[in-house]
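A quick write-up on the structure given underneath.
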Amino acid sequence: MTVPAVEGQAETRDGVTLSYTLHPASPAAPDAGADAVTAAGSGPDAGAASGAAPRIVLVHSLALDRSLWSGVVAALDGRADLLTYDCRGHGRSGRPQGPYTTEQFADDLADLLDHVGWSRTAVAGCSMGGCVAQHFAARHRDRTRAALFVDTTAWYGPTAAQDWAARADAAERKGLAALVPFQLTRWFGDAFRQAEPGLMDHLTAVFTANDLQAYRATCAMLGAADLRASAPLLAHPAAVLVGADDGATPPAMARDLAERIGDGAAVVVPGTRHLTPLENPRVVADALLALLDRAAVGDRA
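Per the working numbering, the sequence shown starts with residue 320, numbered consecutively.
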């Protein structure tokens, strides 16, 4: 039985509105083990959660929104309570001018969890969302049951600040619409783009609706992000996934992140570029379920 999703808004500690969707698990979902005590929570949407199912929060990539996770939500098919949201500066959430930091985005997530009454959860992030998830899993380790980092990195390299500033400059000079062809080919392989014209149209609309000042602030955040020192501090179990053809955060970056975390090797997904949650959602869903199984074993230990 499918339980209807619940949409809502939360407010961060500095007054920014976050728009979110809570996808409750089906009544037949597996028990969450140690998390079942607090799974229902006490927030305004606590009644929408299943009360016993495992919980996962999903963090999207730069200049997109929570719809990035639509395929993963479908693939999980009610086996967990899922929380998707638009990060500050994105989608239907508030768009303060900045500056932005990954620490701030991690605390935004903590505030959102407080709002929905979740004390502890698995967290997954893709690209920018993976950086946010890393910071959250280190800064809020006690609230992180498991973590999955998809198509992301702990550090974009020595020229990151200049590279991301150049991206923001191009957006302001040419307009976001001019960047769409580059973005789509960076995100997806040729065959997938050709097979999914409706999805390409949707992502184009989401991308071009971004506020340029918020886009610049987020680019600057990624240019400044260096999470290498915190990687060994991340909550376990943790896993890293990357598309084999990802040119934005290539497999070498994923392997470096996995090595720093020290909880297993990175998994390279064949035939996939930079947005694995859309191009190969089943692989992401299976990785999340495997992490939840590992977390359950740890809960019983």
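We put the beta carbon where it would ideally sit given N, CA and C, even for glycine.
With DSSP collapsed to three states, give me the class of R372. For clarity, residue 372 is Ala in the given sequence; the question names Arg instead. If DSSP states are grouped into helix, strand and coil, A372 belongs with coil.
For A614 and A558, believed in contact at Cβ under 8 Å, the rounded distance: Wrong, their Cβ atoms sit about 11 Å apart, outside the cutoff.
Taking T421 as the reference, which of A473, Q481, L467, P596 has the closest Cα? A473
In the DSSP assignment, find the unbroken alpha helix (DSSP H) run with F507 in it and report its ends. Where F507 is concerned, there is no enclosing alpha helix (DSSP H), given that its DSSP letter is neither H nor E.
Give me the DSSP bridge partner(s) of G562. V588
Own chain residues within Cβ distance below 8 Å of G508, not counting five before or after: D564, G590, T591, R592, E598
Spatial distance of P570 from A371 (CA atoms): 36 Å
Compute the Euclidean distance between the alpha carbons of T357 and V435, then round it to the nearest angstrom. With a pLDDT of 37 at T357, under the threshold of 50, the modelled position of this residue cannot be trusted; read the value that follows with caution. For T357 and V435, the distance between alpha carbons rounds to 11 Å.
Distance CB(V499)-CB(L428) smaller than 8 Å: no
Neighbourhood of F511 by C-beta distance below 6 Å, restricted to the same chain and skipping five residues each side: E598
If you run the structure through DSSP and keep just helix, strand and coil, what is W437? coil
Between which residues of its own chain and M519 is the CB-CB distance below 7 Å, once the five residues before and five after are set aside? L503, R512
Taking 6 Å as the limit between beta carbons, can you name the residues of its chain near A394, skipping five residues before and five after? P600, R601, A604
Let me know if A443 comes out buried or exposed under the rule of 16 or more other beta-carbons within 10 Å of its beta-carbon. buried
Between which two residues does the beta strand (DSSP E) harbouring T463 extend? 463-469
Could you tell me whether the Cβ atoms of L337 and L467 are closer together than 8 Å? no
Alpha carbons only, please: which of M447, C538, G449 is nearest the one belonging to D482? C538
Whose C-beta lies closer than 8 Å to the C-beta of F526 among residues of the same chain, with five residues either side of it excluded? A382, L383, L495, L498, V499, Q502
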